[in-house]
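Asker:
Chains as they are written, first to last, in the working numbering: chain A, 66 to 353; chain B, 13 to 325.
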C-alpha cells in the first residue's frame with residue numbers, strides 16, 4: 066500500500082515536473098524570440114524597396130529579394146573600404162597587442178622580475194581607465210607628430226590599451242607554466258629569446274590565439290577613440306561609418322535599416338567563426 | 013566580455029619555486045610594452061589632469077586657472093545632469109541585466125540544462141548572448157531605427173494593436189528619450205551576466221541543492237541562499253565591469269540622441285567629448301574626464317581590495 070502511494074506520488078511529480086520543464090522551455094523560447102526580433106526586423110526590411118515598406122509597414126515579409134537598399138547604403142558608405150579598414154586595423158592591433166602582452170608577461174609571469182606586483186597592479190588599473198581621460202592629449206600628440214587621422218594612430222593607441230588586459234591575463238597564465246620544462250630548457254643552454262620562441266610561444270599557443278580573437282573583436286567594435294582619430298572617409302571603420310551614415314543625404318527608412326544590417330552582419334560572421342573560442346575564453350578567467 | 017581578469021586567480025596553485033634563479037635578462041622584454049605604455053597611456057593621463065587646471069581652447073598656451081574648472085563644474089547643472097543620467101544607465105546596464113541574467117541562468121541551469129540536456133541550454137545561452145557580439149553603437153543604430161517617429165517599428169506596432177495614442181517621437185521627447193536608450197541597453201547587456209553566471213553555476217555542487225530540498229527550502233529560498241551565495245564572485249565581477257561600462261557609455265548616446273533633446277540624455281563621456289571637440293572647451297572637458305576617471309579608478313581599487321581581504325579571511 067505504502068509502495069503503491071509513493072509510486073502514484075512520483076508519477077504525479079514527474080508529470081508536474083514535465084509541465085514545469087516544458088513550460089520553462091516555452092517561456093524562454095518566447096523571450097528569446099523577442100530578444101532576436103530587432104535583428105529579424107532589420108534583416109527583412111533591408112531587402113524591401115522603400116515603397117514596399119511604406120505600403121506594408123515593417124512587419125510584412127519582403128515580397129522579393131530587393132538589393133536596392135543594401136546597394137545604396139553600400140555605395141553611400143563606401144562599405145568595401147570600411148570593411149578593409151576594419152579588418153586591417155583590428156588584425157594589426159590584435160597582433161601588436163598580443164606581441165606586447167607576450168613580452169610583458171614573459172618578464173612578469175615567467176621571469177618573475179622584481180617589482181612585478183607593482184607592474185601588474187599598474188596594468189590592472191589601466192584596464193579600467195576610461196579612454197576619455199586620454200583622448201585630448203593623444204589627439205594633440207598625434208597632431209604634433211603628423212600621425213593624426215591615420216589608421217596607424219588608432220592601431221598604436223588601441224594596442225597599448227589592450228596590452229594592459231593581455232599582460233594581466235597572460236602573466237597569471239604563465240605563473241602556472243610548467244617549471245620543469247623551463248628548468249630543462251635552461252640546463253640545455255637556452256637563452257631568453259630562444260626560451261620565448263621555442264618553448265613559451267608553442268606551449269601557450271591556444272591562449273595566445275584566444276587573446277588574439279578577443280583583441281580583434283574588441284577593436285572591431287570600438288567606437289570612442291576611432292571616432293576621434295579616424296575622420297576621413299578613407300580611414301574609417303565599419304561601426305563609425307554606420308553611425309555617420311544617418312547624416313548622409315538620400316538615407317530613407319530602408320537604407321537606414323540596411324546600414325544597421327551591414328553593421329550587424331560582420332559581427333554575426335565572427336560569432337559563427339569564433340563561437341567556441343569566445344565561450345571558452347569567457348570561461349578562462351573563472352575556470353582557473 | 014572577458015573582463016574576468018577581475019575574478020581572482022589567487023586560488024590557483026602557486027608554482028613551486030624550488031630554486032631562486034638569479035635570472036637577469038627578463039627585464040629587457042618589458043621595454044617595448046612599457047615604452048608604448050608610458051607614451052600612450054601614462055603621459056596622456058597625466059597631461060589630461062594637468063589640462064583640467066587650465067583654460068585652453070586647444071591652440072596657443074593653456075592658461076593656468078587652478079581649481080576654477082572644478083568649481084565651475086560644481087555649480088553646472090549639465091555636469092550634474094550628466095552624472096545623474098550615468099546613474100540611470102547603471103540601472104539599465106548593471107542592475108536590471110544582473111537580475112534578469114541571474115533568473116535566466118538559474119532557469120536555464122535548473123529546468124533546462126539539468127532535465128532537458130545541455131544542448132537546449134547552450135542554444136538558448138548563445139541566443140541571449142547574440143546582442144553582446146554586435147558593436148554597441150551598431151546596436152544603438154538598430155534601435156534608433158526601431159524608435160523612428162515616422163514608420164518606425166515601435167510606432168507601427170502600437171498603431172497595429174490599436175494604441176495609436178501612445179505613438180510618439182521616442183528619442184525626440186525629453187521624457188521618453190533616456191528610457192528608450194535604457195531599453196536598448198538592457199537588451200544589449202542581458203547576455204553578459206547570463207554567460208558569466210552560467211559558468212559560475214557549474215562550480216556549485218548539486219548535492220548542496222539536494223540537501224536544501226530535503227531541508228524543505230523552496231525554489232526562491234534556494235535561489236537567494238545558495239545560488240546567489242555561491243556565485244557571489246561572479247556577481248561582483250559583473251556588477252563592477254558593467255558599472256564601469258555604464259559610466260563610460262558614449263556610442264549609444266552619440267548615435268541615438270546626441271545628448272538631446274536639450275541635455276536630457278547627456279552623459280559624462282559625451283559631455284567631455286563635446287567640450288573637447290565640439291566647443292573647444294578643452295580645460296573643462298579634461299575636468300569632466302578627470303572626475304569620471306577618478307570615480308572609475310576608485311571603484312576598481314576598492315573592489316580589488318575588498319576581494320583580496322575576503323580571500324585572506
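Backbone N, C-alpha and C fix where the C-beta goes; we use that ideal spot for every residue, glycine too.
#1: Applying the 10 Å Cβ sphere with the 16-neighbour rule, what's the burial state of residue 301 of chain A?
#2: Could you tell me the distance, in whole angstroms, from the CA atom of residue 307 of chain A to the CA atom of residue 325 of chain A?
#3: Which ranges does the alpha helix (DSSP H) cover as unbroken runs of at least 4 residues, wholly within the stretch 111-139 of chain A, from first to last along the chain?
#4: Does DSSP put residue 68 of chain B in a helix, a strand or coil?
#5: With 9 Å as the limit, tell me which residues of the stretch 159-175 of chain B have their beta carbon closer than that to any beta carbon of chain A; keep them in chain order.
#6: Where does residue 163 of chain B sit, in a helix, a strand or coil, going by DSSP?
#7: Whose Cβ in chain A lies nearer than 8 Å to the Cβ of residue 266 of chain B?
#8: When you check each C-beta in the stretch 253-280 of chain A against every C-beta of chain B, which residues fall closer than 7 Å?
#9: Quick one: does residue 213 of chain B have its CB under 7 Å from some CB of chain A?
#10: Counting only Cβ-Cβ distances shorter than 9 Å, please list the residues of the stretch 136-151 of chain B near chain A, keeping chain order.
#11: Does the beta-carbon of residue 321 of chain A have 16 or more other beta-carbons within 10 angstroms, so that it is buried, or is it exposed?
#12: Is DSSP giving residue 182 of chain B helix, strand or coil here?
#13: Report back the beta-carbon spacing between residue 182 of chain B and residue 200 of chain B to the nearest angstrom; my notes put them in contact at under 8 Å.
#14: If you draw a straight line from the C-alpha of residue 132 of chain B to the C-alpha of residue 95 of chain A, how long is it?
#15: For the candidate residues A:155, A:230, A:266 and A:275, whose alpha-carbon lies nearest to that of residue 246 of chain A?
#16: Cα separation between residue 60 of chain B and residue 202 of chain A?
#17: Would residue 111 of chain B pass as an interface residue toward chain A - the criterion being a Cβ-Cβ separation below 7 Å?
#18: With distance defined between alpha-carbon atoms, name the residue in B:168, B:91 and B:187 nearest to residue 179 of chain B.
#19: Go ahead and pull the three-state DSSP assignment for residue 75 of chain B.
#20: Among residues of its own chain, excluding the 5 on either side of residue 196 of chain A, which ones have a beta-carbon nearer than 8 Å to its beta-carbon?
#21: Name the chain C residues whose beta carbon is nearer than 7 Å to that of residue 201 of chain A?
#22: If you draw a straight line from the C-alpha of residue 243 of chain B to the C-alpha of residue 296 of chain B, how long is it?
#23: Rounded to the nearest angstrom, what separates residue 272 of chain A and residue 339 of chain A at their Cα positions?
#24: Assuming residue 90 of chain B and residue 278 of chain B form a contact by the criterion Cβ under 8 Å, report the distance between their Cβ atoms to the nearest whole angstrom.
#25: Determine the DSSP secondary structure at residue 244 of chain A, reduced to helix, strand or coil.
#26: Mind reading off the beta-carbon distance from residue 246 of chain B to residue 209 of chain B? Whole number of angstroms is fine, and I expect it under 8 Å.
#27: Determine the burial state of residue 230 of chain B: buried for a count of at least 16 other Cβ atoms within 10 Å of its Cβ, exposed for fewer.
#28: Please report the straight-line C-alpha distance between residue 310 of chain A and residue 138 of chain A, rounded to a whole angstrom.
#29: Distance check for residue 261 of chain A and residue 152 of chain B, CA to CA, integer angstroms please.
#30: Rank B:298, B:87 and B:202 by C-alpha distance to the C-alpha of residue 143 of chain B and give the top, closest one.
#31: Is the CB-CB distance between residue 155 of chain A and residue 281 of chain A below 7 Å?
#32: Please list, in chain order, the chain B residues whose beta carbon lies closer than 7 Å to that of residue 127 of chain A.
#33: I'd like the span of the alpha helix (DSSP H) that includes residue 231 of chain B, first residue to last.
#34: For residue 333 of chain A, which residues from the same chain have a beta carbon less than 7 Å from its beta carbon, with the 5 sequence-adjacent residues on both sides left out?
#35: Does residue 124 of chain B come out as helix, strand or coil in the three-state DSSP assignment?
#36: Where do the N-terminal and C-terminal ends of the alpha helix (DSSP H) with residue 159 of chain A fall, by residue?
Answerer: Inspection of the coordinates gives the following:
#1: Counting Cβ neighbours within 10 Å, residue 301 of chain A comes out buried, since at least 16 surround it.
#2: Going by C-alpha positions, residue 307 of chain A is about 7 Å away from residue 325 of chain A.
#3: Correct list: 115-121.
#4: It is coil, neither helix nor strand.
#5: Answer in chain order: 160, 162, 163, 164, 165, 168, 169, 171 and 172.
#6: If DSSP states are grouped into helix, strand and coil, residue 163 of chain B belongs with coil.
#7: In chain order, 288, 292 and 308 make up the part of chain A whose C-beta sits under 8 Å from the C-beta of residue 266 of chain B.
#8: Under the 7 Å Cβ criterion, the stretch 253-280 of chain A contributes 257 and 279.
#9: Contacts with chain A at 7 Å (Cβ-Cβ) do not include residue 213 of chain B.
#10: For chain A, the residues of the stretch 136-151 of chain B that bring a beta carbon within less than 9 Å of one of its beta carbons are 136, 137, 138, 139, 140, 141, 142, 143, 145, 146, 147, 148, 149, 150 and 151, in chain order.
#11: Of the residues assessed, residue 321 of chain A falls on the buried side of the cut-off, its CB having 16 or more other CB atoms within 10 angstroms.
#12: Residue 182 of chain B sits in coil when the DSSP states are folded into three classes, being neither helix nor strand.
#13: Between residue 200 of chain B and residue 182 of chain B the Cβ distance is about 17 Å, and since that is not below 8 Å, they are no contact.
#14: Residue 132 of chain B and residue 95 of chain A: Cα-Cα distance of roughly 14 Å.
#15: Distances from the alpha-carbon of residue 246 of chain A to those of A:155, A:230, A:266 and A:275 put A:266 closest.
#16: So the two alpha carbons sit approximately 6 Å from each other.
#17: Chain A, which has no Cβ nearer than 7 Å to the Cβ of residue 111 of chain B, makes this no.
#18: Cα-wise, what sits closest to residue 179 of chain B is B:168.
#19: In the structure shown, residue 75 of chain B sits in a strand (DSSP, three-state: E or B).
#20: So the qualifying residues of the chain are 226, 289 and 290.
#21: The structure shown contains no chain C; its protein chains are A and B.
#22: Cα to Cα, the separation comes out at about 42 Å.
#23: Rounded to whole angstroms, residue 272 of chain A to residue 339 of chain A spans 14 Å at the Cα level.
#24: That belief holds up - the Cβ atoms of residue 90 of chain B and residue 278 of chain B are roughly 6 Å apart, short of 8 Å.
#25: DSSP places residue 244 of chain A in helix when its eight states are reduced to three.
#26: About 6 Å; that satisfies the 8 Å criterion.
#27: Burial call: exposed.
#28: C-alpha separation (whole angstroms): 8 Å.
#29: Each residue's Cα considered, the two are about 43 Å apart.
#30: The option with the nearest alpha carbon to residue 143 of chain B is B:202.
#31: Remark: C-beta atoms of residue 155 of chain A and residue 281 of chain A approach each other more closely than 7 Å.
#32: Those do not exist, as residue 127 of chain A stays about 15 Å from chain B at its closest Cβ, beyond 7 Å.
#33: In the DSSP assignment, residue 231 of chain B falls within the alpha helix (DSSP H) that extends over 231-234.
#34: Answer for residue 333 of chain A: no residue qualifies.
#35: Here residue 124 of chain B carries a helix assignment [DSSP, helix/strand/coil].
#36: Boundaries of the alpha helix (DSSP H) around residue 159 of chain A: 144-170.
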